[in-house]
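Residue numbering for the sequence shown follows the numbering used here, beginning at 1122 and increasing consecutively.
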Amino acid sequence: METRNVNIDNRAWGSEIHIANNEEKKYCGKLLGLREGYRCSIHRHKKDESLYLAKGIVYFEMGEDPENLDSQIIYPGKVIDVFDKIWHRFSGLENSIFVEVSTPDEESERYQGKLGGKIPDFENWRNKILSENGR
């Protein structure tokens, strides 16, 4: 029996802990830590992924047109599926943890018009998002 270390990628919005990325057997697993008040870039991948929100509250945007994304607030215990080449972005309304399972990890394509990082005027933005969604 062997154990191994994980790879950790620190990002402006949080971190990715790479548990597995097996191209031969076609599976990948990660933990994504998302910081409150931060978001990732609008991006897409050449892979399918399912994201289980284990902790926190996340504002999730997704769609075929990066300028016109559908949005939803995601709560713990929910799963969202993101399929091949669909644009998406997640923003931390609270410190959050996703469990990601997917086909093997591939490079992301970022939409340069909407990059990630700290959300400007976060408190007002969060209050607006929550009030628009009945919270």
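Each residue gets a CB set at the ideal place from its N, CA and C atoms; glycine is no exception. If you're wondering where the values come from, they're calculated on a predicted model, not measured in any experiment.
Sorted by chain position, which residues of the same chain lie with C-beta nearer than 6 Å to residue i's C-beta, five sequence neighbours on each side aside?
i: H1209; result: M1183, V1203
i: K1199; result: L1174
i: E1215; result: E1157, G1177, I1178
Taking residue i as the reference, which of the options has the closest Cα?
i: V1220; options: P1241, E1228, Q1193, C1149; result: C1149
i: K1151; options: G1177, K1167, L1214, D1226; result: D1226
i: W1246; options: E1157, H1164, T1224; result: E1157
i: V1222; options: K1176, A1141, N1248, H1166; result: A1141
i: E1145; options: T1224, Q1193, V1127; result: T1224
i: G1177; options: H1166, P1197, N1189; result: P1197
i: E1253; options: R1165, H1164, N1131, S1192; result: S1192
Compare the beta carbon distance of residue i and residue j with 8 Å and say whether it is the shorter of the two.
i: F1211; j: L1251; result: no
i: D1205; j: K1168; result: yes
i: I1207; j: E1228; result: no
i: V1179; j: S1217; result: yes
i: Y1159; j: P1187; result: no
Reducing DSSP to helix, strand and coil, say where residue i ends up.
i: S1162; result: coil
i: R1125; result: coil
i: L1236; result: coil
i: L1190; result: coil
i: E1227; result: coil
i: F1243; result: helix
i: K1199; result: coil
i: I1218; result: strand
i: K1099; result: Residue 1099 is absent from the model: the chain starts at 1122 and stops at 1256.
i: E1253; result: helix
Could you tell me whether the Cβ of residue i comes closer than 8 Å to any Cβ of chain B?
i: F1243; result: This model lacks chain B altogether, as it is built from one protein chain only.
Which same chain residues end up closer than 7 Å to residue i when comparing Cβ atoms and leaving out the 5 residues on each side of it in sequence?
i: I1201; result: L1172, F1181, I1195
i: L1236; result: S1162
i: N1128; result: H1139
Excluding sequence positions up to five away, which residues of its chain have a Cβ less than 8 Å from the Cβ of residue i?
i: A1133; result: Y1159, G1237, G1238, K1239
Entirely within the stretch 1128-1158 and at least 4 residues each: give me those alpha helix (DSSP H) ranges in chain order. Runs found: none.
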